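Here the sequence shown is numbered in the working numbering, starting from 33 and rising by one per residue. For each residue, glycine too, the CB sits at the ideal point set by N, CA and C. As the structure is a prediction and not an experimental result, all values here were calculated from the model. Following: one structure in structure tokens, then a few remarks.
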Amino acid sequence: MPSYTAPLDDMLFLFEKLRDNKNYNELEKYNEVNLDLAKDILEEAAKINQNLLLPLALAGDENPAKLENGVVRTPPGYKEAYNKYIEDGWISLSCDPKYGGQGMPKTISAFFDEMLSSTSLSFKLYSELTIGAYNCLLHHASDETKDKYLPKMVEGKWSGTMCLTEPVCGTDLGMLKTKAEEQADGTFKISGQKIFITSGDHDLTENIIHLVIARATDSPKGTKGISLFLVPKFIVNEDGSTGTRNGVSTGSVEHKMGIKGSATCVLNFDEATGYLIGTKNRGLNQMFTMMNLERILVGIQGLGISEIAYQNSLAYAKERKQGKTNNTKSTNGADFIIEHADIRKSLLNMKSIIEGERALCFWLSQQTEVSLNHPNEKVKKEASDYVSLMTPVVKSLFTDLAMEITSDAMQIHGGYGFTKDQGIEQLYRDNRITPIYEGTNSVQAADLVSRKLLNKNGNIIGKFLEMIKEETNSKNEKVKIFTKQLNYYLDILSKFTDWIIDKNKIDKDDVSSAANDYLKTLGYVSLAYSWIKILEVSFKDLDSNKKFYIDKINTAQFYFEKILPRAEYHYKSAISGSSNIMKFNFN
Ligand SMILES: Cc1cc2nc3c(=O)[nH]c(=O)nc-3n(C[C@H](O)[C@H](O)[C@H](O)COP(=O)(O)OP(=O)(O)OC[C@H]3O[C@@H](n4cnc5c(N)ncnc54)[C@H](O)[C@@H]3O)c2cc1C
Numbered sequence: 033m034p035s036y037t038a039p040l041d042d043m044l045f046l047f048e049k050l051r052d053n054k055n056y057n058e059l060e061k062y063n064e065v066n067l068d069l070a071k072d073i074l075e076e077a078a079k080i081n082q083n084l085l086l087p088l089a090l091a092g093d094e095n096p097a098k099l100e101n102g103v104v105r106t107p108p109g110y111k112e113a114y115n116k117y118i119e120d121g122w123i124s125l126s127c128d129p130k131y132g133g134q135g136m137p138k139t140i141s142a143f144f145d146e147m148l149s150s151t152s153l154s155f156k157l158y159s160e161l162t163i164g165a166y167n168c169l170l171h172h173a174s175d176e177t178k179d180k181y182l183p184k185m186v187e188g189k190w191s192g193t194m195c196l197t198e199p200v201c202g203t204d205l206g207m208l209k210t211k212a213e214e215q216a217d218g219t220f221k222i223s224g225q226k227i228f229i230t231s232g233d234h235d236l237t238e239n240i241i242h243l244v245i246a247r248a249t250d251s252p253k254g255t256k257g258i259s260l261f262l263v264p265k266f267i268v269n270e271d272g273s274t275g276t277r278n279g280v281s282t283g284s285v286e287h288k289m290g291i292k293g294s295a296t297c298v299l300n301f302d303e304a305t306g307y308l309i310g311t312k313n314r315g316l317n318q319m320f321t322m323m324n325l326e327r328i329l330v331g332i333q334g335l336g337i338s339e340i341a342y343q344n345s346l347a348y349a350k351e352r353k354q355g356k357t358n359n360t361k362s363t364n365g366a367d368f369i370i371e372h373a374d375i376r377k378s379l380l381n382m383k384s385i386i387e388g389e390r391a392l393c394f395w396l397s398q399q400t401e402v403s404l405n406h407p408n409e410k411v412k413k414e415a416s417d418y419v420s421l422m423t424p425v426v427k428s429l430f431t432d433l434a435m436e437i438t439s440d441a442m443q444i445h446g447g448y449g450f451t452k453d454q455g456i457e458q459l460y461r462d463n464r465i466t467p468i469y470e471g472t473n474s475v476q477a478a479d480l481v482s483r484k485l486l487n488k489n490g491n492i493i494g495k496f497l498e499m500i501k502e503e504t505n506s507k508n509e510k511v512k513i514f515t516k517q518l519n520y521y522l523d524i525l526s527k528f529t530d531w532i533i534d535k536n537k538i539d540k541d542d543v544s545s546a547a548n549d550y551l552k553t554l555g556y557v558s559l560a561y562s563w564i565k566i567l568e569v570s571f572k573d574l575d576s577n578k579k580f581y582i583d584k585i586n587t588a589q590f591y592f593e594k595i596l597p598r599a600e601y602h603y604k605s606a607i608s609g610s611s612n613i614m615k616f617n618f619n
């Protein structure tokens, strides 16, 4: 089983040194969330992750969730751990105190999400979708519905799901077939089949609140005829108690290559009672509230899995001896493999990506809070634009890079990485879903280039690039060396953006074939932006914590010289266009 120590030093460094952001500082809501409080929470979070949740990863892999006599059973240990987890209030960390939550900002809860993703992604998913459904209801449901459902969800006694996918539609939800028939009392009868539903059924909670998209019988075809319904597993009585079983049943639980502890279900809806949420035919937009937050969380899943893969690779490289190196310290005829330049490079690849991602994520958490809570509409809108621009980047880049990192982790472990001994292959298998669910990474890239660069507020990417230039315009001569390199890649990104915007008007295949490359270029530049902010602090505060800051400076140097050039490769490959692709005859 892999070992794990929560990276508290890095998390607290970000919280202490990179939190100072004008718009974020103006949120009165979080005035009292200071470093001491963050430290207390994260230290406790580390304990529950390291001690209680980490063993669940192996338990779930060896004893997958299963359907037994109509009941979905979670792996051994899940129920006890879940009860402790909700009893201690972890599920409600970022939820509104009005419904029983603890009201912590995403700048803290995102670190907790990272820890959970490192220790047991399968276990995490049971509560992750609950919080997703909570957020969707918080934004779109009536007060009466919120009062009825949210407290139990925040308490963790009821869980939530997101029911979109059907046998004929995954990416293209406009094709969905699940229908909703309005009844005289204003409720709807929901009929159809949903597949691949995470936590669709399980034995952890008393009730499950499904958020289902369906088409009302009088609604138009396509995405414009989709509405959102709340469909509980057990009907909730007027007094809030759970009543009769609704018409939802579990057809099967999927057998998967990874996240085996998570129950991925086929759900059959047979005239199940559903309640319309928000406005009829606006269901997909409403569901996007849940999907957008989930996409960022999936990016954090990639980050968390990368972190545990890195920690175990580093430890293994320090204990495994093979071969001799030039800088030999060899005893018994061989060096520790960490002495080999190639292994060191793999480790630094991981470290420089992970720490850059964590910093970018911290910034994105701040922007998300500003976009939700700032009193000034203009500021709120600008933050919301940044969040919408960065959501597909974080989802796709972090999860793709987690594939690279977990694969390299196996490589560092040699044959022991491929066998089950060290638990490293499980990280690779568990991560493999993250580039697929919540909209595949290619679809994220398409969304970025076709909808996120420009919108009715204007040139979002232009504003983002301006913001990076302003914030990285350092007075420190040592930082300036890095800024100069960043500016070179900012120019490339600007040229790439112009190319995409031009091609969007004339050649969709050029855009489609370049979308993934564009997302990567933007992503690598955004990580460099985060690194510059880390460098600014590192040079300034060097003497206060020399080892920590020198490591940061060296890691940043590695990032700028070894990773950031990938941004240019993606640009050059993309602008060769699509004729070299589309003319090929596959027959
Ligand atoms: C373990 C697991 C858990 C899941 N959990 C949930 C859940 O809780 N709720 C839920 O509703 N769904 C869930 N899903 C479904 C998941 O979100 C979908 O599998 C995913 O969105 C892809 O849809 P699809 O499988 O139908 O693939 P398709 O849409 O058929 O895509 C197939 C391929 O075509 C590409 N493609 C499709 N359209 C385009 C396009 N326009 N441009 C370029 N490329 C395109 C895709 O990128 C992909 O590579 C889950 C799936 C799994 C496996």
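- Counting the other Cβ atoms within 10 Å of the Cβ of F301 gives 16 or more, which makes it buried.
- DSSP, reduced to helix, strand and coil, places E457 within a helical segment of the structure shown.
- Relative to the non-hydrogen atoms of ligand 1, the Cβ of S474 comes within a distance shorter than 7 Å of at least one.
- Under the DSSP assignment, G447 falls in the alpha helix (DSSP H) whose first and last residues are 447–450.
- In the pairwise beta carbon analysis, the region 297–314 is classified as not touching the region 405–413: fewer than three pairs are separated by under 8 Å.
- Placement of the Cβ of G202 at a distance of less than 7 Å from at least one heavy atom of ligand 1 is found.
- With a cut-off of 7 Å, the C-beta of T466 is classified as distant from ligand 1, since no heavy atom of the ligand falls inside that distance.
- As computed with DSSP, N491 is found in a beta bridge with L486.
- Contact between V244 and V263 is confirmed by a C-beta separation of about 5 Å, below the 8 Å threshold.
- Counting only the Cα atoms, N63 lies some 24 Å from S562.
- Between L299 and V280, the beta carbon gap of about 6 Å places them in contact (Cβ cut-off 8 Å).
- Contact check for T529 against N473 fails: the beta carbons are separated by 8 Å or more.
- The closest heavy atom of ligand 1 lies 7 Å or more from the beta carbon of M289.
- Ranked by Cα distance from G293, the first of L148, T106, P34 is T106.
- Secondary-structure assignment with DSSP links P597 through no beta bridge to anything.
- At a threshold of 7 Å, M322 does not count as near ligand 1, since its beta carbon sits no closer than that to any of the ligand's heavy atoms.
- A residue is called buried once 16 or more other Cβ atoms fall within 10 Å of its Cβ, and P108, having fewer, is exposed.
- Residue pairing of N300 in beta bridges, as defined by DSSP: Q225, S281.
- At least one heavy atom of ligand 1 falls within 7 Å of the beta-carbon of T230.
- Here R483 is exposed, its C-beta having fewer than 16 other C-beta atoms within 10 Å.
- Taking C-beta separations shorter than 6 Å and ignoring five residues to either side along the sequence, the partners of H445 in its chain run Y348, Q454, I456, following chain order.
- Assignment of S610 by DSSP, reduced to helix, strand and coil, places it in the coil class.
- With distances taken between CA atoms, P424 lies nearest to K552 out of G388, I386, N358, K552.
- One Cα belongs to R598, the other to L182, and the distance between them is close to 45 Å.
- Beta-bridge partners of E214 (DSSP): F220.
- DSSP, reduced to helix, strand and coil, places F45 within a helical segment of the structure shown.
- Excluding its 5 nearest sequence neighbours in each direction, F496 has C-beta neighbours in its own chain below 7 Å: Y418, L421, listed in chain order.
- In the displayed model, M136 falls within coil according to three-state DSSP, outside both helix and strand.
- Contact check between the region 513–521 and the region 536–545: fewer than three CB pairs, one atom from each, fall below 8 Å, which does not count as touching.
- Between the C-alpha atoms of Y469 and D233 there is a straight-line separation of about 18 Å.
- When the five nearest sequence neighbours on each side are left out, the beta carbons in the same chain lying within less than 7 Å of the beta carbon of I566 are those of A391, K584, A588, in order along the chain.
- Contact check between the region 166–177 and the region 202–221: fewer than three CB pairs, one atom from each, fall below 8 Å, which does not count as touching.
- Between F590 and V557, the alpha-carbon positions lie close to 14 Å from each other.
- For H172, there is no enclosing beta strand (DSSP E); the residue is part of the alpha helix (DSSP H) that begins and ends at 153–172.
- The alpha-carbon separation between V186 and A78 amounts to approximately 21 Å.
- Exclusion of E94 from the 7 Å shell around ligand 1 follows from its C-beta lying no nearer than that to any non-hydrogen atom of the ligand.
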